[in-house]
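Only one structure is covered here, and it is reproduced in the block below.
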Amino acid sequence: MNTIIDQDSTPTLREGESLVYVQYDPIWSREEVLLYTPSLTDVSNEFDGNRFERDESACPPIDYTARNCVMLIKQFGLHMYKNEIIHEMKEYGYRPAIHLEAYAFGLWKYNLLDNEYNTVALGDFVRVRNETYVTVLRGNEKGFRKLIVMREHRRWDAKDRFLFVREN
Numbered sequence: 027m028n029t030i031i032d033q034d035s036t037p038t039l040r041e042g043e044s045l046v047y048v049q050y051d052p053i054w055s056r057e058e059v060l061l062y063t064p065s066l067t068d069v070s071n072e073f074d075g076n077r078f079e080r081d082e083s084a085c086p087p088i089d090y091t092a093r094n095c096v097m098l099i100k101q102f103g104l105h106m107y108k109n110e111i112i113h114e115m116k117e118y119g120y121r122p123a124i125h126l127e128a129y130a131f132g133l134w135k136y137n138l139l140d141n142e143y144n145t146v147a148l149g150d151f152v153r154v155r156n157e158t159y160v161t162v163l164r165g166n167e168k169g170f171r172k173l174i175v176m177r178e179h180r181r182w183d184a185k186d187r188f189l190f191v192r193e194n
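Note that this note's numbering has the sequence shown beginning at 27, numbered continuously upward.
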């Protein structure tokens, strides 16, 4: 994946933010993701096809044009529900990331981070057996990195981190 940055429109990054190029091409095949993403050791079957739906209550309409996005990982250190997390960050001009943004972030920077905790994208979901699941980047100290889905209807752990995109 080539990173393209237009120097004239590069935003000023705030503390903790990263500039990540997102193509917004649908993920059609789990095998394709593993083939082209050596930093990932596993990908959930739910990424086969384009089955994710944007959560309209959590995430405003998105421009799916390939571009650089300002992303931020936030760890609250509290047990929180999804609506609390989204409301907290909306006040600062962020929306929750969707699965394609989490994937792009994983390609670009995830292997550089402490992988002890989950990094969750709450902006869209996939239904599996009538349950709602969201995208999670997961890793461990042995270097295993996974792009998986986790059931959403739960209170998130104090150790979980969340991926957000700054709205312009």
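Note that CB positions come from ideal geometry on N, CA and C, so glycine has one too.
Which value, in whole angstroms, describes the spacing of the CA atoms of residue i and residue j?
{"i": "Leu173", "j": "Pro52", "result": "15 angstroms"}
{"i": "Gly149", "j": "Ala92", "result": "17 angstroms"}
{"i": "Trp134", "j": "Asn156", "result": "32 angstroms"}
{"i": "Glu79", "j": "Arg153", "result": "9 angstroms"}
{"i": "Ile99", "j": "Val69", "result": "21 angstroms"}
{"i": "Thr36", "j": "Leu60", "result": "30 angstroms"}
{"i": "Arg40", "j": "Asn76", "result": "33 angstroms"}
{"i": "Asn71", "j": "Val175", "result": "9 angstroms"}
{"i": "Val46", "j": "Leu189", "result": "12 angstroms"}
{"i": "Gln33", "j": "Val146", "result": "Note that Gln33 has pLDDT 48, beneath the 50 cutoff, so the model's placement of it is unreliable and no number is given."}
{"i": "Phe102", "j": "Glu114", "result": "10 angstroms"}
CB-CB under 6 angstroms to residue i, same chain, minus the five flanking residues each way: which ones, in chain order?
{"i": "Val48", "result": "Cys95, Glu127 and Ala130"}
{"i": "Tyr107", "result": "Arg181"}
{"i": "Asn144", "result": "Val162, Arg164 and Asp186"}
{"i": "His105", "result": "Arg181 and Ala184"}
{"i": "Gly42", "result": "Leu98"}
Which one or two residues does DSSP pair with residue i in a beta bridge?
{"i": "Ile53", "result": "According to DSSP, which records beta bridges pairwise, Ile53 is partnered with nothing at all."}
{"i": "Cys95", "result": "Val46"}
{"i": "Thr161", "result": "Ala147 and Val175"}
Helix, strand or coil for residue i? Go by DSSP, reduced to three states.
{"i": "Tyr129", "result": "helix"}
{"i": "Phe188", "result": "strand"}
{"i": "Glu58", "result": "helix"}
{"i": "Glu79", "result": "strand"}
{"i": "Glu193", "result": "coil"}
{"i": "Glu41", "result": "coil"}
{"i": "Ile31", "result": "Low per-residue confidence applies at Ile31: pLDDT is 49, beneath 50, and the placement is therefore not dependable, though the value from the model is reported in the following sentence. Looking at Ile31 - three-state DSSP - the assignment turns out to be coil, as it is neither helix nor strand."}
Go through its chain and collect everything with a Cβ distance to residue i's Cβ below 7 angstroms, but skip five positions before and after it.
{"i": "Glu178", "result": "Lys108, Phe151, Thr158, Tyr159 and Val160"}
{"i": "Ile112", "result": "Ala84, Pro122 and Leu148"}
{"i": "Tyr90", "result": "Tyr50"}
{"i": "Tyr118", "result": "none"}
{"i": "Phe73", "result": "Ile53, Arg56, Val59 and Leu173"}
Enumerate in chain order the residues of its own chain whose CB-to-CB distance from residue i is below 8 angstroms, with the five nearest sequence positions on each side excluded.
{"i": "Lys116", "result": "none"}
Check your understanding: Looking at C-beta atoms only, is the number of pairs between the region 80-100 and the region 120-127 that lie closer than 8 angstroms three or more?
Key -> yes
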